[in-house]
Structures are given as structure tokens and as C-alpha cells.
Amino acid sequence: MSQLAVQGGKKVRTKPFPPYNYIQNEEIDAVVRVMKTGKLSGFAARWSDAFFGGPEVRKLEDVWKESVGAEYAVSVNSATSGLYAAIGAVGIDPGDEVIVSPFTMSASATCALVYNAIPVFADIQDDIFCMSPSSIEERITPSTKAIVVVHLFGHPADMDPIMDIAREHNLKVIEDCAQAPLTKYKGRYVGTIGDAGVYSLNYHKHIHTGEGGIVVTNSHGIYDKLTLIRNHGETASTERNLDDVINILGFNYRLTEIQAAIGVEQMKRLPGLLKSGFENAGYIAQKLKDLPGIIPPTIYDGCDHAYYVHPFKFDEDIVGVSRKVFIDAVVAELPLTDIRNSTGWFLSTDSAVPLYRQNIYRKKIAFGKHGCPFTCPHYKGAVEYKDGLCPITELMYDKVLFFHNMHRSPLMKPDLDDLINAFYKVYESREQLKRVSNT
Numbered sequence: 292m293s294q295l296a297v298q299g300g301k302k303v304r305t306k307p308f309p310p311y312n313y314i315q316n317e318e319i320d321a322v323v324r325v326m327k328t329g330k331l332s333g334f335a336a337r338w339s340d341a342f343f344g345g346p347e348v349r350k351l352e353d354v355w356k357e358s359v360g361a362e363y364a365v366s367v368n369s370a371t372s373g374l375y376a377a378i379g380a381v382g383i384d385p386g387d388e389v390i391v392s393p394f395t396m397s398a399s400a401t402c403a404l405v406y407n408a409i410p411v412f413a414d415i416q417d418d419i420f421c422m423s424p425s426s427i428e429e430r431i432t433p434s435t436k437a438i439v440v441v442h443l444f445g446h447p448a449d450m451d452p453i454m455d456i457a458r459e460h461n462l463k464v465i466e467d468c469a470q471a472p473l474t475k476y477k478g479r480y481v482g483t484i485g486d487a488g489v490y491s492l493n494y495h496k497h498i499h500t501g502e503g504g505i506v507v508t509n510s511h512g513i514y515d516k517l518t519l520i521r522n523h524g525e526t527a528s529t530e531r532n533l534d535d536v537i538n539i540l541g542f543n544y545r546l547t548e549i550q551a552a553i554g555v556e557q558m559k560r561l562p563g564l565l566k567s568g569f570e571n572a573g574y575i576a577q578k579l580k581d582l583p584g585i586i587p588p589t590i591y592d593g594c595d596h597a598y599y600v601h602p603f604k605f606d607e608d609i610v611g612v613s614r615k616v617f618i619d620a621v622v623a624e625l626p627l628t629d630i631r632n633s634t635g636w637f638l639s640t641d642s643a644v645p646l647y648r649q650n651i652y653r654k655k656i657a658f659g660k661h662g663c664p665f666t667c668p669h670y671k672g673a674v675e676y677k678d679g680l681c682p683i684t685e686l687m688y689d690k691v692l693f694f695h696n697m698h699r700s701p702l703m704k705p706d707l708d709d710l711i712n713a714f715y716k717v718y719e720s721r722e723q724l725k726r727v728s729n730t
């Protein structure tokens, strides 16, 4: 039995893994082409044809809506902006409750706060890590008006029962698809099942434009409001003599022509990247499935998985050591490497902290010093943000979940094998690891 690297032994691998960089000559040529025009943005805030942006922005929107089969697509400068715009576009009022996931990026919940609505956290499922339909139903009150569904890690949430609940209670559904582009649930692309779907073009996502996002919808009314919220709607709504001006206090969520041109080229590459990531994740899962207590992700029948990251569950009762001790030992067997914007490891237990543990919720303060919107007279309900609120989420975060992103291109089978060998080396030495960790 070889000595573990964490105890001073030789690493499984010392050569850095190749970094992933999906920007190629096509994107560079597109940027140069736009730069030469001198027109880096095509937007104007006045009501005119330019209100909808320039040719590159419109081309990206056309490409995206055609790719997922949506009636409308609206580009924005981030998925966070897209979530904010979508909440406004579906008509959320101050004092409304919006059911959200506690196990996601913060904007999936703060999008409600932006409109002085109240985030209500529903627990997740312990197999696909998306919001549980039964927990959603338990959280519904007379104040509930919408659900923000997150397709976490790239697996679709279980949308059929969620949509049944939404229809029964007349709730709007916004899908956060930031980690699940071109992913299908029972033959339908996520993002097109609810009232609006939001995708990310952030630097860390499958494809990116640096920062950016897309919102899709099949509702012309929602589309119209999205375009107003994106681009100083208070001006255009006046010029159009609109009667309905709810939630169209204008923002500037506009995407540039350069970003849009990059996005068009990146979209051409997305299907191939998803395919290779899916195959690599399957290879790793197949190799690790024979290690008791290391549990590969579930994929529901009729669902794709985009594998933003490759999640696993860890059973410390079976393995015999804690998740942290085990994963730290695996990490020690591998080299530091370039993971886009930092040097680190591809393997981590550091998933999203349950959002209700953040100060904004524990202290119930969002706007000003008086606790708005939680204490505002528009809110007729009561909400608490304490540990125990979502026990499955807490268990996954505190003890169970770990993930990696070594399934992504350009990593090849020899790279994947080094990760797998690191797991086997540590697993086979876990009794030794247990003795050391207990001293």
C-alpha cells in the first residue's frame, strides 16, 4: 500500500491538468469584425428600432430562441439581471412570496427581494439536488405568487409535478437554467416549460461571453416587459402611452455587440461540449461506482444532464472517514492547476451555503435599516430563516455532497484516469487515513 500524498507520499500526478479555454479564432474574428464597425452597442433608450439593440444582439437572440424552441429571447448583461427582469415581467408585487431554492447562487433568491417580495425557501431532493415538489407545496401560502426553479448542476428539476402545483395555485414559474443550457426534460428544453427561462453566459459557464445572459419566454406580454425592464422602460413606456407600467422602472441590463458576437460563435460549440462532458462524466461515474460510499449522480428517465459540475454523494458511515478528510486526501494526490480565473483544484466540497444562513436573511434586512421588505406593511405573512428549515439541503452541504469539473473538455481519458486513480489510492488507504485523522 503506497503512502498517501497528504502524509508525505508521492502524488498520483504532478503535471498540471490542461486549462479549459473555449475562446478560439472564430470568436476573435467576430470581435475584430465588430470592432472595425466602431458600433459596440446598438441600443438606444428612446422608443425606436434601436430600443431592441443592434444586429449582433438580435442575431444571438434569434440563435438562442431557435435552439430551444422558444417564441422570444431577450439578451441581458448577466443571468442575475435576467432573473431580476423575469421576476418583474411576471408581475411580482411588494409583499408577495416567491418560493426559491436554498441551494443555489444567491441571485436565484435575491431576485424576489429586488421587487420587495419575500423569498421562501423550499428544500431540495436528495438525488438530483433540485427543489422538491412536495416541499414547494408545503411552502405555499395565500401570499405565494411565483416559484423560481433552479436546474442545479445541469440536471432538470422534476418539472411536471412542479407545473401541476403552479397551475393549481395560479403561480408563475421562472426557470433558472444557468447551469443547464440545451438540457431537456421529457423532450422539452428547460427554460421553455415555465413562464420564463434564464440562461447564463458568465465566464464560469459551459459557454460564455465574459458576462451575459438570455431570457426566453413564450408569452408576448412577458417578452414586452422584459425588453422594457432591460432598457430604461420608464422612458419607452411614456413614449408608447402604456397603461400597464408595473415593474418597468427602467434598468440598464443591455448586452454589447461584442459580447453578442462572441455568444453566436460560442453557441456553435455548445452541443459538442455538452456531449463530451456527458461522456466523460459517465466514464468517471462508471469507474468510481464500485467504491462503496462514493455515490454517482442520478439521472431521471427522460432527462439530459449538462454537468455544469459532476456531483457525488459521500457516505462517511460506509467509507469510515469524514468527507473533508477523504476529499482533502484526494486533492493532495493531484496538482494545482489553472481553472480559468484562479489556481486551485477541480475537486471540492465547497458547494453553495444554504442561502438562509446568509446575513441578509438571518438579520432580515435588505433595503435600508428598518428591515424592508420583511417588515413592510405590504407583507402580511411571516417567514423565518433558521437552521432546520431545509434539512436535506443542510445535510448535503454539511456532510454529503462533493463535486468536480474534470469531465470538461479538453481533459482526455488519461487525465480522467489520474483522478480515478487518486480516488482508488485514498479509498484503499482509508484505514490508515482514519488512524491519522483520529490522532
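Using the numbering used here, the first residue of the sequence shown is number 292, and each one after it goes up by one.
Beta carbons: idealized from backbone N, C-alpha and C, even for Gly.
All figures in this text were calculated on a predicted structure; none of them were measured in a lab.
- DSSP, reduced to helix, strand and coil, places P602 within a strand of the structure shown.
- Here DSSP, grouped into helix, strand and coil, assigns D467 to strand.
- Taking 8 Å as the cut-off, the beta carbon of P309 is found no closer than this to the beta carbon of F444.
- Counting along the chain, H695 sits inside the beta strand (DSSP E) bounded by residues 692-695.
- Partner residues in the beta bridge of K475, as assigned by DSSP, are Y480.
- The three-state reading of DSSP puts S366 in strand, counting E and B together.
- By the C-beta density criterion, T328 is exposed, having fewer than 16 other C-beta atoms within 10 angstroms.
- Cβ contact annotation for A341 (same chain, cutoff 8 Å, sequence separation greater than five): G333, F334, A335, in chain order.
- Around the CB of G299, fewer than 16 other CB atoms lie within 10 Å, so the residue is classed as exposed.
- Residue range 435-441 is occupied by the beta strand (DSSP E) that includes K436.
- Within the same chain, A321, V325, E347 come within 6 Å of A552 by CB-CB distance, once the 5 residues on both sides are set aside.
- In this structure, V405 sits away from A623, with a CB-CB distance that is not shorter than 8 Å.
- Measuring C-alpha to C-alpha distances from S426 to each of R721, T684, Y688 identifies T684 as the nearest.
- Comparing alpha-carbon positions, the option among L707, K716, V644, V464 lying closest to A572 turns out to be L707.
- Membership of Y490 in the beta strand (DSSP E) is indicated by the continuous run 487-491.
- Every alpha helix (DSSP H) stretch that sits fully inside the segment 375-425 and reaches 4 residues is listed by chain position as 398-404.
- Rounded to the nearest whole angstrom, the C-alpha separation of G563 and Q577 is 21 Å.
- If you look at T508, you'll find it in the beta strand (DSSP E) that goes 504-508.
- A direct Cα-to-Cα measurement between I609 and P583 gives close to 7 Å.
- Counting of Cβ neighbours within 10 angstroms places M703 among the exposed residues, the total staying below 16.
- For M697, same chain residues with a beta-carbon under 6 Å away, outside a window of 5 residues either side, are F637, L710 in chain order.
- The DSSP-derived three-state label of S358 is helix.
- Within the same chain, Cβ atoms closer than 6 Å to the Cβ of Y652 are found at Y676, the five residues on either side in sequence being excluded.
- Shortest Cα-Cα distance from M558 to any of N407, L473, N712 involves L473.
- Counting C-beta atoms within 10 angstroms of its own C-beta, D467 has 16 or more neighbours from the protein chains shown and is therefore classed as buried.
- Contact between F412 and A643 fails: their C-beta atoms lie close to 12 Å from each other, not under 8 Å.
- In the three-state DSSP reduction, T628 falls in the strand class (E or B).
- In the assembly as shown, D455 is an exposed residue. Its beta-carbon has fewer than 16 other beta-carbons within 10 Å.
- Pairwise C-beta distances place the segment 382-391 in contact with the segment 663-682, as three or more of them are shorter than 8 Å.
- The segment 470-490 and the segment 346-361 touch, with no fewer than 3 CB-CB distances between them shorter than 8 Å.
- In this structure, the beta-carbon distance from I498 to L579 does not fall below 8 Å.
- DSSP places N532 outside both helix and strand once states are collapsed to three, so it counts as coil.
- Counting along the chain, D678 sits inside no alpha helix (DSSP H), nor does DSSP assign it H or E at all.
- Ranked by Cα distance from G568, the options R699, A370, K496, S510 are led by R699.
- As the crow flies, the alpha-carbon of Y311 is around 16 Å from that of E317.
- When C-beta atoms of the segment 395-403 are compared with those of the segment 539-550, fewer than three pairs fall below 8 Å, so the two segments do not count as touching.
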